[in-house]
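Residues 5 to 266 (the numbering used here) are what the sequence shown spells out, left to right.
A short worksheet on the structure shown next.
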Amino acid sequence: MKDAFPDSDAELVARRASSFGGSAAAYARERPDYPVEAVRWALEPVAGRAPLRVLDLAAGTGKLTQVLLRGGVAAADLVAVEPDAAMLDELRRAVPGVRALEGSAEAIPLPAGSVDAVLVGQAMHWFDLDRALPEIHRVLADGGVLAGLWNTDDDRVPWVAEMKRISRSSVSFRNWRPKGLPESAWFPVFERAEFPHAQRRTAESMAATIGTHSHMLVLDEAERAAVTERIVGFLRATPETAQGEFDLPIVTLAARALRAGG
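Okay, structure coming up:
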């Protein structure tokens with residue numbers, strides 16, 4: 005998404021976008037899933053179609069794929085597409101029965117009009133939307149829906165806001181905007197909704213989750229260790245998180261748009 009990182013250079017964005025494969029196993033282990041309610045909302049415009057054909061695009065290690073399967077919202081025909089080979093290997097291990105293909109948002113390996121919904125979890129901000137939106141439009145059937153979902157730590161909670169502050173690194177993006185989806189001729193109107201979510205964590209597993217964020221993955225070893233130490237020290241000293249396990253409050257942001265006709 006070209007306006008998602010307005011204060012960052014293209015080289016850094018590219019490094020961060022391609023950083024996940026080396027930590028694919030940690031990503032699969034530590035990242036949160038998505039609330040079923042958010043996924044159902046995303047698919048609501050096409051929920052009556054049978055069989056419902058769903059593409060999980062930029063599917064990563066299969067976090068969203070597994071929610072689709074668990075929630076029974078894609079029982080008929082589900083395909084996952086992911087560009088990174090290591091992430092795709094983790095996805096295939098997690099959901100061996102799902103068709104999983106190597107491909108990108110800018111070059112989707114599916115025929116025109118072959119799916120009713122394209123869902124994107126935690127990834128649309130990395131797309132080259134000038135190329136991706138017409139390609140998504142191509143694979144969607146008439147009246148199909150495109151939806152993006154993002155898990156964001158709920159920084160309205162004071163300790164969460166402080167954790168986010170102390171976990172910043174030298175390459176953190178200052179003005180990331182996950183809701184900055186452009187309306188276009190391909191997808192004229194985006195609706196937005198928010199859903200409460202949570203992930204059970206400890207100080208160490210919370211630091212491990214943050215360690216899978218792209219700004220941490222591109223750091224040198226010394227700075228990454230220093231940021232991790234700050235996070236663990238803060239969580240061990242904070243009353244809400246010091247007693248072992250705690251719930252990380254999350255807000256899942258969702259945006260959906262119908263495919264324009266033609």
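Note that beta-carbon positions come from the ideal geometry of N, C-alpha and C, so glycine has one too.
Since this is a predicted model, take the numbers as computed values, not measurements.
Asked, Found
"Give me whichever residues DSSP pairs with Val149 in a beta bridge.", "Ala121, Leu262"
"Inspect the beta-carbon positions of Phe191 and Arg263 and report whether they are closer than 8 Å.", "yes"
"Nearest CA to the CA of Asp251: which residue from Leu239, Ala259, Ala261, Glu106?", "Leu239"
"Which full runs of the beta strand (DSSP E) of 3+ residues lie inside the segment 42-69, going along the chain?", "57-61"
"Quick one: residues in its chain with C-beta nearer than 7 Å to the C-beta of Pro253, no 5 flanking neighbours on either side, listed in chain order?", "Asp158, Val161, Val164, Ala202"
"Helix, strand or coil for Asp132 per DSSP?", "coil"
"Nearest-angstrom Cα distance between Ser108 and Gly147?", "22 Å"
"Could you check if His217 is buried or exposed, using at least 16 other CB atoms within 10 Å of its CB as the buried criterion?", "buried"
"What residues are listed by DSSP as bridge partners for Ala197?", "Ala258"
"Which partner residues of Asp81 appear in the DSSP bridge assignment?", "Arg57"
"Does the segment 66-74 come within contact of the segment 36-49, defined as at least 3 CB pairs closer than 8 Å?", "yes"
"According to DSSP, is Leu72 part of a helix, a strand, or is it coil?", "helix"
"If you follow the beta strand (DSSP E) that Arg172 is part of, which residue opens it and which one closes it?", "Element bounds for Arg172: n/a, residue is neither H nor E."
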